[in-house]
Amino acid sequence: MFSVVNHVLQKDGKPVPQKPSPNHGGVMRPELLVLHYTASSSAAGAIATLTDGHASNRVSAHLVLDKDGGVTQLLPLNVVGWHVGKSAWEGRAGCNDFGIGIEQVNAGVLNHMADGSFRTQLGKQAVPASDVLHAQHRITHGWAYWQDYPDAQVQAAIAIGQALHGAYGFKDVVGHEDVATPPGRKTDPGPAYPLDLVRSRILGRQ
Ligand SMILES: [Zn+2]
Numbered sequence: 156m157f158s159v160v161n162h163v164l165q166k167d168g169k170p171v172p173q174k175p176s177p178n179h180g181g182v183m184r185p186e187l188l189v190l191h192y193t194a195s196s197s198a199a200g201a202i203a204t205l206t207d208g209h210a211s212n213r214v215s216a217h218l219v220l221d222k223d224g225g226v227t228q229l230l231p232l233n234v235v236g237w238h239v240g241k242s243a244w245e246g247r248a249g250c251n252d253f254g255i256g257i258e259q260v261n262a263g264v265l266n267h268m269a270d271g272s273f274r275t276q277l278g279k280q281a282v283p284a285s286d287v288l289h290a291q292h293r294i295t296h297g298w299a300y301w302q303d304y305p306d307a308q309v310q311a312a313i314a315i316g317q318a319l320h321g322a323y324g325f326k327d328v329v330g331h332e333d334v335a336t337p338p339g340r341k342t343d344p345g346p347a348y349p350l351d352l353v354r355s356r357i358l359g360r361q
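Position one of the sequence shown corresponds to residue 156 (this note's numbering), numbered consecutively onward.
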C-alpha cells in the first residue's frame, strides 16, 4: 500500500528508495499527474540521467517506476521537477509548475530490424516480439512499433497515482504527449500505455 507523508512516497509505511536530484525549481502545489516513458530500458540508466546536475539538458522527475513495479523517488512531491518542458494544460502553460511527473521505464519506439527482430533505439537491446505493439499514435498519427508495459508496472502506477491523488487531489491525469507543445512534440507514454484505464482508476471515474 502506498501513501504520502511530508511529500515523500511511502510503501507499507516506509519511504520508497530515495535518490535526490539536483534538477528542480521551487515549491509548488501539485494539481496534475503527468505520465511518461523513459525511452530507455533500465531504471538505473534513467535515474542517472534524471539526477545529472551537469548535463547540458538538465532533467528530472519525481518518481521513476520500473517494469517490476519498483519505484524510486528523486524529488519531494511538492517541488517543481523538469520533466515536461514546453507544455500547456487547459490553457495553462508550464505544466512543470503544477505537475508531478512519473517516468516509467519503457523503451518507447523500437527499431524493426531487417531480420524481423526488434531493438531499443537507445542501447540497441533486443526486445521479444511478444512485448511489441504495432500501433498508430493518436496525436502524431505515425505508425510505429512500441514496447508494451508489463501489468506489474501499470498496476503500480495506478496504486501510486491513487495515493498521490489522495494527498493532492489531482484535477487530471495526462500523458506527456497530451500536454507537450506544440502538439506532437512528445509521444510518451504512447499507444502501448493504457492511459484511459490508468486515469479512470486513479481519479475514481470508472
Ligand atoms: Zn516525457
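The beta-carbon is built from N, C-alpha and C at its ideal position, and this holds for glycine as well.
> Would you call residue 291 buried or exposed, if buried means 16 or more other Cβ atoms sit within 10 Å of its Cβ?
Replying inline: exposed
> Sorted by chain position, which residues of the same chain lie with C-beta nearer than 6 Å to residue 219's C-beta, five sequence neighbours on each side aside?
Replying inline: A distance below 6 Å between beta-carbons, with the five flanking residues on each side excluded, links residue 219 to the following residues of its chain, in chain order: 198, 201, 202, 227 and 258.
> For residue 277, does the three-state DSSP call read helix, strand or coil?
Replying inline: coil
> Are there three or more Cβ pairs, one per stretch, closer than 8 Å when the segment 231-241 is compared with the segment 158-167?
Replying inline: The segment 231-241, when compared against the segment 158-167, does touch it at the 8 Å Cβ threshold.
>> Give me the residue from 204, 193, 208 and 241 with the minimum Cα distance to residue 222.
In response: For the residues 204, 193, 208 and 241, the minimum Cα distance to residue 222 belongs to 193.
> Any chance the CB of residue 191 is under 6 Å from a heavy atom of ligand 1?
Replying inline: yes
> Short check: CB of residue 261 to CB of residue 323, under 7 Å?
Replying inline: no
>> Could you give the first and the last residue of the continuous beta strand (DSSP E) run that contains residue 289?
In response: 287-291
>> Quick check: the Cα distance between residue 183 and residue 270, rounded to an integer number of angstroms?
In response: Within the model, the alpha-carbon separation for residue 183 versus residue 270 is close to 49 Å.
>> Is it buried or exposed, residue 107, if we count other Cβ atoms within 10 angstroms and call 16 or more buried?
In response: No information on residue 107 is available, as it lies outside the stretch 156 to 361 that the chain covers here.
> Does any heavy atom of ligand 1 sit closer than 6 Å to the C-beta of residue 343?
Replying inline: Correct: residue 343 has its Cβ closer than 6 Å to ligand 1.
>> Taking the alpha carbon of residue 276 as the reference point, which residue from 255, 285, 313 and 300 has its own alpha carbon closest?
In response: 300
> Going straight from the alpha carbon of residue 306 to that of residue 293, what length do you get?
Replying inline: One C-alpha to the other measures close to 22 Å.
> Name the DSSP beta bridge partners of residue 253, please?
Replying inline: Paired residue(s): none; residue 253 is not in a bridge.
> If you draw a straight line from the C-alpha of residue 349 to the C-alpha of residue 250, how long is it?
Replying inline: About 22 Å.
> Can the beta-carbon of residue 188 be found closer than 7 Å to that of residue 325?
Replying inline: A contact, by the Cβ cut-off of 7 Å.
>> For residue 309 and residue 211, what's the separation of their Cα atoms in angstroms?
In response: 31 Å
>> Taking the beta carbon of residue 298 as the centre, do at least 16 other beta carbons fall within 10 Å, making it buried, or is it exposed?
In response: exposed
>> Assuming the contact rule is C-beta atoms closer than 8 Å, residue 104 and residue 315 should be a hit. Round their C-beta distance to whole Å, please.
In response: With the chain covering only 156 through 361, there is no way to say anything about residue 104.
> Just the Cα atoms here: how many angstroms apart are residue 311 and residue 346?
Replying inline: 19 Å
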